[in-house]
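Scroll down for the structure; my scribbles are underneath it.
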Amino acid sequence: MPNDMISLLLDLESNLDKPIEDILRLIKKYQKADGSHWNYASIIEQYKNLAGTQGLKEFNPKLVEKILMKPVRTLSGVAPVTVLTKPYPCPGKCIFCPNDLRMPKSYLADEPGAQRAEKNYFDPYLQTTNRLEALHSMGHQVDKVELIILGGTWTAYPESYQIWFVKECFRAMNDFQSKNDTEKITKKYQDFQKKFQETEKKWQTNTFLNTNPLENKENFSKLQIKGEDISETYNQLVKKYYLEPENALGVVQYQKATWTELEKEQVKNETALQRCVGLVIETRPDEITPASVKKIRHLGATKVQLGIQSLDDEILRKNKRGHDVKTIRTAFSLLRQAGFKLHIHFMANLYGGSVAKDKRDFAKLFRDRDFRPDELKIYPCSLIETAELMRYYKKGLWKPYSHEELLEITSFTLTHTPAYCRITRMIRDIPSQDIVVGNTKSNFRQIAEQHAIKTNQKMQDIRSREIRSSNFEIDGVQLKIKNYQTSISNEKFLQFVYQDKILAFLRLSLPLSPTNEVSDELNGAAMIREIHVYGRSLAIGQKDHDDKAQHFGFGKKLIAKAAAISKKAGFSKLAVISAIGTKEYYRKRGFSDGELYQFLHLS
Ligand code: SF4
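Here you go:
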């Protein structure tokens, strides 16, 4: 029995009264012999076996309940399943971006989720199944899944890989709890590995990633890039060590699919037990064109994470972003026209920046009608050993913000984000051992929130107002509408609130032009870009008797209101950017299927 598990359980026993966020952080402190973290299911299992022995008190069900709470995972109403794409060249050359050869561009092997991907050969089916199993074994409902695909620049991967990747995620959701192909797929990779070992001399390296992160670490240690002196780039090395062998071994042939194959799995998912209620991909602004937006939609995506990082041309240039602010404006316009939820990555402390410039830039994000995103990740720049930024740091051209500077910019962003936007994350959760210099506190949001409260500054972003597990009285619930304009639409943020807490919301977009640049079927249509009803994730059709927000009819009421507003504004149809797994929901509410969207006729 690993001693660490005993220490972890003892630690949990003595911290049982602490808030769940502290408990989760405590669990993260403990690692297994291979460097990975304990999953919650195994902690519970071990606790059941060990309670009352080895210094532990008698079994206390509260400890299990606490671990199962994990409210951050499902209180947003859906079960998030994050999957990573394989290492692959990225068109970006950003100086702050990590170059970890074991990972898709910009990710680090020690980051949460990355090891799970590595242990599953970056295979989408294995990753999705594995994550669903983990959530399910912790007692969470997994029938409503938000699939978050991370890694480099999604749109730069070959189209056949993109289709295959998404198809396999859908297939995993469709297969879950019935037949399961994991053994067959694992065997396939083992065969590739065997073939690789037989022909390894040809490539002179042992670079075919296996399922053991420690072995991979050892095999890759000599190859890893040093940001201080990059003689070969990530893209060059990835081509040499992955793409060439993958081509020769036939992996590329295995990792491809057709649109028809994808559509077959999508149709199955519409009525499957585990439905995809949201699909997210991430890309760069200069990859956004009418054609690429249409393709992303065809895959079933409903949200795009767009790395913009800055709205200052000079800073973008200095950091070798490879695009300008004008490109960001175009990307926003196209994605909004197509109804996508816009999730923006914004960085502070970039080379050439300052706290004052960051504040000015951030204010522009909401002042300028070309932008006004729906969700935000705010990532002050962290110095990673493999990033080119190391060179700038060594020459004294860049340094990390001090604690005070970081607090100034993070609390500024918290207090200057409007009520229609959600700050999803503040400070990237980079393991402290990977940060060369600068902030290693990952709970900076809490610190910034406390600072804002102490200095009497108001926060109104969605996340700071979510109802979470609090109860509410239906008589006190009000519908409020926040209106704002963008350069291409009148936006209406409809929200059901109780006191100052948000229970449900709908994003309605009323385009200013009758012509849509992305899809003809959207000409003349108002658009529902998002509906979100909060509450612990419930099974489809299951009623919650604890006054939680889900299944209180809020979704239906919001749609009726959006239809009435759209009709009054002169629109003859209301489109919705439905996820594959929410199509049935909208059909039941009178929407009919179009090519890529669903429509409610208003006349
Ligand atoms: S585009 Fe994104 S992933 Fe590519 S180099 Fe830049 S930051 Fe990294």
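The opening position of the sequence shown corresponds to residue 8 in the numbering used here, with each subsequent residue numbered one higher.
Glycine is no exception: its CB is placed at the ideal position from the N, C-alpha and C atoms.
The structure displayed is predicted, hence computed values, not measured ones.
Using the three-state DSSP reduction, which class does residue i fall into: helix, strand or coil?
i	result
tyrosine 593	helix
proline 9	At proline 9 the pLDDT is 49, less than 50, meaning the model places this residue with poor confidence and gives no usable figure here.
isoleucine 340	First, the amino acid is wrong: residue 340 is serine here, not isoleucine. Looking at serine 340 - three-state DSSP - the assignment turns out to be helix.
methionine 180	helix
histidine 552	Confidence in histidine 552 is poor, its pLDDT being 41 and thus under 50, which makes the residue's placement too unreliable to answer from.
serine 599	strand
isoleucine 303	helix
tyrosine 168	helix
leucine 15	helix
proline 78	Legend: pLDDT at proline 78 = 43, less than 50; position of this residue unreliable, value from coordinates given subsequently. In this structure, proline 78 counts as helix in the three-state DSSP scheme.
arginine 452	helix
valine 525	coil
tyrosine 491	strand
histidine 608	strand
glycine 445	coil
glutamine 148	coil
alanine 611	Absent from the structure is residue 611, since the part of the chain shown begins at 8 and ends at 610.
serine 238	coil
phenylalanine 479	coil
phenylalanine 215	coil
proline 105	coil
histidine 330	coil
glycine 403	coil
leucine 349	strand
leucine 139	helix
Where do the ends of the alpha helix (DSSP H) carrying residue i lie?
i	result
valine 152	Per DSSP, valine 152 belongs to no alpha helix (DSSP H); it is in the beta strand (DSSP E), 151-157.
asparagine 223	220-227
glutamate 125	121-126
lysine 275	266-276
phenylalanine 561	561-575
glutamate 321	320-325
tyrosine 358	No alpha helix (DSSP H) contains tyrosine 358, which DSSP labels as neither H nor E.
isoleucine 416	410-422
lysine 209	207-210
arginine 376	Unbroken run through arginine 376: none, as it is neither H nor E.
For the ligand SF4, is there a heavy atom less than 6 Å away from the beta-carbon of residue i?
i	result
glycine 99	yes
glycine 314	yes
glycine 359	no
glycine 159	yes
arginine 291	yes
lysine 679	Examination of residue 679 is not possible in this model, given that the chain is present from 8 through 610 alone.
lysine 112	yes
cysteine 2	Missing from the structure shown is residue 2; the chain here goes from 8 to 610 and no further.
cysteine 635	The requested residue 635 does not occur in the structure, where the chain is confined to residues 8 to 610.
cysteine 104	yes
What's the call for residue i, buried or exposed, on a 16-neighbour Cβ count within 10 Å?
i	result
asparagine 463	exposed
arginine 514	buried
threonine 617	Since the displayed the chain opens at 8 and closes at 610, residue 617 lies outside it and no answer follows.
glutamate 602	exposed
aspartate 377	buried
threonine 206	exposed
glutamine 312	buried
methionine 12	buried
lysine 402	exposed
leucine 23	exposed
glycine 59	exposed
isoleucine 488	exposed
leucine 6	Since the first residue of the chain shown is 8 and the last is 610, residue 6 is not available in this structure.
threonine 493	buried
leucine 612	Because the chain here runs from 8 to 610, residue 612 falls outside it and cannot be looked at.
proline 131	buried
isoleucine 481	exposed
Looking at the secondary structure, which residues open and close the beta strand (DSSP E) in which residue i lies?
i	result
leucine 581	580-583
lysine 39	Unbroken run through lysine 39: none, as it is neither H nor E.
tyrosine 47	Premise fails: tyrosine 47 lies in the alpha helix (DSSP H), 47-57, not in any beta strand (DSSP E).
leucine 501	496-505
proline 87	86-91
Say whether the segment 416-433 touches the segment 445-454, bearing in mind that this needs 3 or more beta-carbon pairs closer than 8 Å, one atom from each stretch. yes
Quick check: the segment 385-392 against the segment 336-345, are there 3 or more CB pairs under 8 Å? no
Inter-stretch contact at 8 Å, needing at least 3 Cβ pairs: the segment 289-309 / the segment 169-179: yes
With three or more beta-carbon pairs closer than 8 Å as the criterion, would you say the segment 244-254 touches the segment 455-473? no
Measuring CB atoms only, is the segment 100-118 touching the segment 390-401, in the sense that at least three cross pairs come out at less than 8 Å? yes
Between the segment 499-517 and the segment 558-565, are three or more C-beta pairs nearer than 8 Å? yes
So, do the segment 422-438 and the segment 469-483 have three or more beta carbon pairs nearer to each other than 8 Å? The segment 422-438 vs the segment 469-483: in contact.
At a cut of 8 Å, does the segment 405-412 reach the segment 311-328 through at least three beta carbon pairs? no
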